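Quick note on numbering: the sequence shown equals residues 2 to 132 in our numbering. Glycine included, C-beta positions come from ideal geometry on N, C-alpha and C. Note that the structure is predicted; figures quoted are calculated from it, not measured. Below is one structure; the comments refer to it alone.
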Amino acid sequence: MTSHVFSVNIDDSLKEVRSLLNKHKIRHVPVVKDKSLVGIISRTDINRLTFSGMYDDQEDADDAVFEMLSISQVMTHKPKVVKQSDAIKKVAEVFASSEFHALPVVADDNKTELVGIITTTDVIKYMLTLL
Numbered sequence: 002m003t004s005h006v007f008s009v010n011i012d013d014s015l016k017e018v019r020s021l022l023n024k025h026k027i028r029h030v031p032v033v034k035d036k037s038l039v040g041i042i043s044r045t046d047i048n049r050l051t052f053s054g055m056y057d058d059q060e061d062a063d064d065a066v067f068e069m070l071s072i073s074q075v076m077t078h079k080p081k082v083v084k085q086s087d088a089i090k091k092v093a094e095v096f097a098s099s100e101f102h103a104l105p106v107v108a109d110d111n112k113t114e115l116v117g118i119i120t121t122t123d124v125i126k127y128m129l130t131l132l
């Protein structure tokens, strides 16, 4: 689990999300409102909106799309979460039975208090330490 998790506020712009993803080379960002977890947005969500992957010099078109939409319109609302005390086996089971690649980690006593994020890569790295 990454406990120093980057997050965005629901009122931030999609351009800010893209910048954060690129700057820190991350693929998923929890979305908060008044310090409560309300969603998650991924690099894939952002890439679905852009043309730059298909055509050269399309950043202006991408920016126009980003200005027309809000984080709330693009993010996954009420994402599946795991608790801080959940066993790694439970986390692995969630990943194995779903299409998620990242899960927000919340406090044991507050399902909207973001305390971290865990990814499939984190689980694989942990499993490798057991071999």
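Expressed to the nearest angstrom, what Euclidean distance is found between the alpha-carbon atoms of residue 35 and residue 73? Position 34 of the sequence shown, counted from the first residue, corresponds to residue 35. Position 72 of the sequence shown, counted from the first residue, corresponds to residue 73. Residue 35 and residue 73: Cα-Cα distance of roughly 14 Å.
Length of the line joining the Cα atoms of residue 94 and residue 104: Here residue 94 is taken as the residue at index 93 of the sequence shown, counted from 1. Here residue 104 is taken as the residue at index 103 of the sequence shown, counted from 1. Each residue's alpha carbon lies about 12 Å from the other.
8 Å contact criterion, which residue 118 and residue 106 should meet: CB distance rounded: In the sequence shown, counting from the first residue as 1, residue 118 sits at position 117. In the sequence shown, counting from the first residue as 1, residue 106 sits at position 105. Right, the Cβ-Cβ distance comes to about 6 Å (below 8 Å), so this counts as a contact.
Give me the Cα-Cα distance between residue 68 and residue 132, rounded to the nearest whole angstrom. The residue labelled residue 68 in the question sits at position 67 within the sequence shown. The residue labelled residue 132 in the question sits at position 131 within the sequence shown. Answer to the nearest angstrom: the Cα atoms are 48 Å apart.
Using the C-alpha atoms, what's the distance from residue 30 back to residue 12? Taking the sequence shown and counting its residues from 1, one reaches residue 12 at position 11. Taking the sequence shown and counting its residues from 1, one reaches residue 30 at position 29. Going by the C-alpha atoms only, they are around 14 Å apart.
Could you compute how far the alpha carbon of residue 48 sits from the alpha carbon of residue 82? Within the sequence shown, the letter at position 47 stands for residue 48. Within the sequence shown, the letter at position 81 stands for residue 82. Cα to Cα, the separation comes out at about 23 Å.
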